[in-house]
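Asks:
Residue numbers (this note's numbering), protein chains in the order written: chain A, 1 to 391; chain B, 1001 to 1391.
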């Protein structure tokens, strides 16, 4: 396989956006294309979950390639729920690695906020199994809540640990211009004060309001290319050194041990193997904290901490910006936001910024290797990516 | 790039199906997996257009990989409108060609018939441009009708030629067990008799009822693998020798010459180039006759006949089963049916049957090379594939 490099990145604010969905997808690509010196593009990958249902648009990729004036380049839309972004990057990787394409645009976008709220919530609930979960009223927050209870019982995680994730990620987002939420929160304010039960009510016990990511609109783009294309740019060489994707039972209740996220472990393990790197090499990571518990659980499953000890590392501050292994420097889904199809691409955007040394106030010193974990459904389809700076 | 072979195929009847969508996608894969001797599967690609909107299911690929008991293999859903099937095969090709995967399942499925008819019609209309076409009431049949008028004016195509396509494809479908429509029709019955205006009314003038494909449910699968995997099976070696994909302006009215289908031409040209073959090598083809005019126009754009002469070749019987270059031996979208996400995979299924010599009464003698053309939107995203039997 050929080596694959990131030659351009772009992003929109994750927020409420009034632009047409195709333009939300196209805009970050125009930023990335400029950065990449307008290379010849062979294929455009678009990651999106809900365009047909919420935005009255099928075949979105065909619209995006036209908005970008990149016809006749082929265009493909990838819909893997919340893991759409990572999945699209993985397919783009295969296109370049195979030698078929020299340069591909991977852009993710979602527009959820202007539609009826129940519609958007229901579109996400439709990720659960239609016959064995949905009909019993299961939603993603409910699944996450049940997962949290088990995790608390088994490993001693408390609501305080969950709040620590939220506080940390809100802090990180303060320095991210593109983040959805710029609001400093404290454990006192969301948990200990008399106002906490009003400020931070339960959504699905034991998960509270501040344990759940916002619903965001937004877009993000990475451009992948062969070594030849990348070398011409004379910029830091950021290689997509490892990719991995794994699935798990679609129904959460069918898992032998529901606190284990086997798809996370499998995807990470493949990405490490391909890259020849280990968890010890990773300097910065973006994990899929749609719910705060997921950052803790994923930090174990990708091998950063021993099983059941993620919350202890969090307590020790190891995952803070000034810690040993900063996690979700962008603010994560929790505070940067979660425009579903764009999320996985946004994670890659942050890691590339960090490896280039362009992350400003939230820069992790001497970051050479970064990992992303993009989590689909309730852990039934997961993509991990490892990026490496080559100097 | 590594060579890529088809090691298994499967299909459902294209008809009305009452099974859950995930099972419609999984069933043909079980048939194909059996044929392929249950190989180790590295990735499952699912082609589908409308699951989130019409079947209340997002992240369908995660459900299908579980139904097939193929977890933890990665799973990816491709949504490229009517070209979803061909697009998924192309992505699967890249996975194997790159060396990342040794074997991938590509299964397409759609379930449109049990839902509200207006919803299904509108889901297809959502393929047009939301700001520049949809809001003026454009539908795909309307675009096809306007295209037909221009084609008639420019090249002398008549309603009789369109009817010839329908009659031929209905004839072919009579011998295809899996076809949606088993109904012999005649030019007399649908055009010349006094009852014709009742039997075959205009849908969008000059297109009549029998110029339009049915709305079908159904699934189809092909399994792609490396040469090593294929050779172990001891079956005819069918290579996916060429793939191509191209886009065109999303809005039809923006095309300099609206009768030209540049994306068809571009996709075919790439597939020929990769395969080292020319139109003269092709023995059998499945073209995307969602509307009868498209079979005629595509037969020119993929290089079988000179521009404006496709209808003359049709008149001469060259595209009939006993002609020089049989087109749509399966019955085509017109009579085999059009379960949107499955359509492009179903085309590949037919070509593989033909190249293996397993097409029964509709077998094309000594077919060695076959081509498919899978047409998305109104020609804004097209995939062409060339299969070759290697003895």
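Glycine is no exception: its CB is placed at the ideal position from the N, C-alpha and C atoms.
#1: Would you list the one or two residues that DSSP bridges to residue 387 of chain A?
#2: Is the beta carbon of residue 54 of chain A sitting closer than 8 angstroms to the one on residue 115 of chain A?
#3: Between the region 32-40 of chain A and the region 1097-1115 of chain B, do three or more beta carbon pairs fall short of 8 angstroms?
#4: Suppose contacts are defined by Cβ-Cβ distances below 8 angstroms. Is residue 343 of chain A in contact with residue 1074 of chain B by that definition?
#5: Just to check my reading of the structure: residue 245 of chain A and residue 267 of chain A have Cβ atoms closer than 8 angstroms, yes? What is that Cβ distance to the nearest angstrom?
#6: Alpha carbon to alpha carbon, how far is residue 1069 of chain B from residue 84 of chain A? Give it in angstroms, no decimals.
#7: Is the beta carbon of residue 1130 of chain B less than 8 angstroms from the beta carbon of residue 39 of chain A?
#8: As an exercise, report each continuous beta strand (DSSP E) stretch of at least 3 residues that is fully enclosed by the region 1187-1270 of chain B, in chain order.
#9: From A/143, A/154, A/378, A/190, pick the residue whose C-alpha is nearest to that of residue 436 of chain A; which is it?
#10: Which partner residues of residue 1005 of chain B appear in the DSSP bridge assignment?
#11: Less than 7 angstroms between C-beta atoms, sequence neighbours within five positions excluded: which residues of the same chain meet that for residue 1071 of chain B?
#12: In chain B, what lies closer than 9 angstroms to residue 20 of chain A by C-beta?
#13: From residue 358 of chain A to residue 255 of chain A, what distance separates their C-alpha atoms?
#14: Count Cβ pairs between the region 267-283 of chain A and the region 1004-1019 of chain B that sit closer than 8 angstroms; are there 3 or more?
#15: Short of 7 angstroms Cβ to Cβ, which residues in the region 1058-1077 of chain B face chain A?
#16: Take residue 1179 of chain B and list the residues in its own chain whose beta-carbon comes closer than 6 angstroms to its own, dropping the five residues that flank it on each side.
#17: From the beta carbon of residue 1219 of chain B, is the nearest beta carbon of chain A less than 8 angstroms away?
#18: If you measure between the beta carbons of residue 61 of chain A and residue 2 of chain A, is that distance less than 8 angstroms?
#19: Could you tell me whether the Cβ of residue 1374 of chain B comes closer than 8 angstroms to any Cβ of chain A?
#20: Answer yes if the region 1195-1203 of chain B comes into contact with the region 1315-1325 of chain B, meaning at least three C-beta pairs across the two stretches below 8 angstroms, and no otherwise.
#21: Between the alpha carbons of residue 199 of chain A and residue 192 of chain A, how many angstroms are there, rounded?
#22: What number of angstroms, rounded off, separates the C-alpha of residue 1369 of chain B from the C-alpha of residue 162 of chain A?
#23: For residue 378 of chain A, which residues from the same chain have a beta carbon less than 8 angstroms from its beta carbon, with the 5 sequence-adjacent residues on both sides left out?
#24: Inspect the beta-carbon positions of residue 311 of chain A and residue 136 of chain A and report whether they are closer than 8 angstroms.
#25: Out of curiosity, what's the CA-to-CA distance linking residue 52 of chain A and residue 58 of chain A?
#26: Is the CB-CB distance between residue 333 of chain A and residue 289 of chain A below 8 angstroms?
#27: Taking the straight line between their C-alpha atoms, what separation do you get for residue 1037 of chain B and residue 1236 of chain B?
#28: Looking only at its own chain, which residues have a Cβ that is under 6 angstroms from the Cβ of residue 1275 of chain B, when we skip the five neighbours before and after it?
#29: List, in chain order, every chain B residue whose beta-carbon is nearer than 9 angstroms to that of residue 247 of chain A.
#30: I want to see whether chain B comes within less than 8 angstroms of residue 119 of chain A, judged by CB atoms only; does it?
#31: DSSP on residue 45 of chain A, reduced to helix/strand/coil?
#32: Beta strand (DSSP E) containing residue 109 of chain A: first to last residue?
#33: When Cβ atoms are compared, which residues of the region 82-97 of chain A fall closer than 7 angstroms to chain B?
#34: Between residue 1086 of chain B and residue 1048 of chain B, is the Cβ-Cβ spacing less than 8 angstroms?
#35: Could you tell me the boundaries of the alpha helix (DSSP H) in which residue 76 of chain A lies?
Replies: Based on what the coordinates show:
#1: Here residue 387 of chain A refers to the residue found at position 387 when the first chain is read from its first residue. Answer is A/240, A/370, bridged to residue 387 of chain A.
#2: In the first chain, the residue the question calls residue 54 of chain A occupies position 54. In the first chain, the residue the question calls residue 115 of chain A occupies position 115. Against a cut-off of 8 angstroms, the Cβ pair of residue 115 of chain A and residue 54 of chain A comes out as a contact.
#3: Proximity of the region 32-40 of chain A to the region 1097-1115 of chain B falls short of the contact definition, fewer than three beta-carbon pairs being nearer than 8 angstroms.
#4: Translated into positions along the first chain, residue 343 of chain A becomes position 343. Translated into positions along the second chain, residue 1074 of chain B becomes position 74. 8 angstroms or more divides the Cβ of residue 343 of chain A from the Cβ of residue 1074 of chain B.
#5: As a working note, residue 245 of chain A is residue 245 in the first chain. As a working note, residue 267 of chain A is residue 267 in the first chain. Contact holds; Cβ gap of about 5 angstroms.
#6: Locating residue 84 of chain A in the first chain gives position 84, counting from the first residue. Locating residue 1069 of chain B in the second chain gives position 69, counting from the first residue. Residue 84 of chain A and residue 1069 of chain B have their C-alpha atoms roughly 22 angstroms apart.
#7: For the purposes of this step, residue 1130 of chain B is identified with residue 130 of the second chain, where counting begins at 1. For the purposes of this step, residue 39 of chain A is identified with residue 39 of the first chain, where counting begins at 1. Contact: no.
#8: You should have 1202-1204, 1218-1226, 1237-1247.
#9: Residue 436 of chain A lies beyond the stretch modelled for chain A, which goes from 1 to 391, so this question has no answer here.
#10: The residue labelled residue 1005 of chain B in the question sits at position 5 within the second chain. Secondary-structure assignment with DSSP links residue 1005 of chain B through a beta bridge to B/1225, B/1239.
#11: Working through the second chain from its first residue, we reach residue 1071 of chain B at position 71. 1065, listed in sequence order.
#12: Taking the first residue of the first chain as position 1, residue 20 of chain A is located at position 20. Chain B residues near residue 20 of chain A: 1130, 1131.
#13: Taking the first residue of the first chain as position 1, residue 358 of chain A is located at position 358. Taking the first residue of the first chain as position 1, residue 255 of chain A is located at position 255. Near 41 angstroms, if we compare the C-alpha coordinates of residue 255 of chain A and residue 358 of chain A.
#14: Judged by Cβ distances under 8 angstroms, the region 267-283 of chain A makes no contact with the region 1004-1019 of chain B, as fewer than three pairs qualify.
#15: Those residues of the region 1058-1077 of chain B placed with their C-beta closer than 7 angstroms to a C-beta in chain A are 1058, 1059, 1061, 1062, 1063, 1065, 1066, 1071, 1072, 1073, 1074, 1075, 1076, 1077, ordered along the chain.
#16: For this step, residue 1179 of chain B is matched to residue 179 along the second chain. Closer than 6 angstroms at the Cβ level, and outside the excluded window around residue 1179 of chain B, lie 1173, 1331, 1335, 1336.
#17: Locating residue 1219 of chain B in the second chain gives position 219, counting from the first residue. So, not an interface residue.
#18: As a working note, residue 61 of chain A is residue 61 in the first chain. As a working note, residue 2 of chain A is residue 2 in the first chain. In this structure, residue 61 of chain A keeps its C-beta atom at 8 angstroms or more from the C-beta atom of residue 2 of chain A.
#19: Translated into positions along the second chain, residue 1374 of chain B becomes position 374. Chain A, which has no Cβ nearer than 8 angstroms to the Cβ of residue 1374 of chain B, makes this no.
#20: No, they do not touch.
#21: As a first step, residue 199 of chain A is located in the first chain; it is residue number 199 there, counting from the start. As a first step, residue 192 of chain A is located in the first chain; it is residue number 192 there, counting from the start. The alpha-carbon atoms of residue 199 of chain A and residue 192 of chain A are separated by roughly 11 angstroms.
#22: Position 369 of the second chain, counted from the first residue, corresponds to residue 1369 of chain B. Position 162 of the first chain, counted from the first residue, corresponds to residue 162 of chain A. Going by the C-alpha atoms only, they are around 60 angstroms apart.
#23: Mapped onto the first chain, residue 378 of chain A falls at position 378. For residue 378 of chain A, same chain residues with a beta-carbon under 8 angstroms away, outside a window of 5 residues either side, are 127, 128, 140, 143, 144, 147, 252 in chain order.
#24: Mapped onto the first chain, residue 311 of chain A falls at position 311. Mapped onto the first chain, residue 136 of chain A falls at position 136. In this structure, the beta-carbon distance from residue 311 of chain A to residue 136 of chain A does not fall below 8 angstroms.
#25: Position 52 of the first chain, counted from the first residue, corresponds to residue 52 of chain A. Position 58 of the first chain, counted from the first residue, corresponds to residue 58 of chain A. Between residue 52 of chain A and residue 58 of chain A, the alpha-carbon positions lie close to 5 angstroms from each other.
#26: Taking the first chain and counting its residues from 1, one reaches residue 333 of chain A at position 333. Taking the first chain and counting its residues from 1, one reaches residue 289 of chain A at position 289. A Cβ-Cβ contact shorter than 8 angstroms links residue 333 of chain A with residue 289 of chain A.
#27: Counting from one through the second chain, the residue named residue 1037 of chain B turns up at place 37. Counting from one through the second chain, the residue named residue 1236 of chain B turns up at place 236. Taken atom to atom, the span from the alpha-carbon of residue 1037 of chain B to that of residue 1236 of chain B is near 14 angstroms.
#28: Residue 1275 of chain B sits at position 275 when you count from the first residue of the second chain. Around residue 1275 of chain B, the same chain offers 1241, 1242, 1386 as residues with beta carbons nearer than 6 angstroms, after the five sequence neighbours per side are excluded.
#29: On the first chain, position 247 is the one that residue 247 of chain A refers to. By Cβ distance, chain B contributes 1044, 1061, 1062, 1065, 1066, 1070, 1071, 1072, 1073, 1074, 1075.
#30: Along the first chain, one-based indexing puts residue 119 of chain A at 119. The beta carbon of residue 119 of chain A sits no closer than 8 angstroms to any beta carbon of chain B.
#31: Here residue 45 of chain A refers to the residue found at position 45 of the first chain. Of the three classes helix, strand and coil, the one that applies to residue 45 of chain A here is strand, per DSSP.
#32: In the first chain, residue 109 of chain A corresponds to position 109, counting from 1. In the DSSP assignment, residue 109 of chain A falls within the beta strand (DSSP E) that extends over 103-110.
#33: Under the 7 angstroms Cβ criterion, the region 82-97 of chain A contributes 87, 91, 94, 95, 97.
#34: Within the second chain, numbered from 1, the residue matching residue 1086 of chain B stands at position 86. Within the second chain, numbered from 1, the residue matching residue 1048 of chain B stands at position 48. In this structure, residue 1048 of chain B does not lie closer than 8 angstroms to residue 1086 of chain B by Cβ.
#35: For this step, residue 76 of chain A is matched to residue 76 along the first chain. For residue 76 of chain A, there is no enclosing alpha helix (DSSP H); the enclosing beta strand (DSSP E) has its first and last residue at 74-78.
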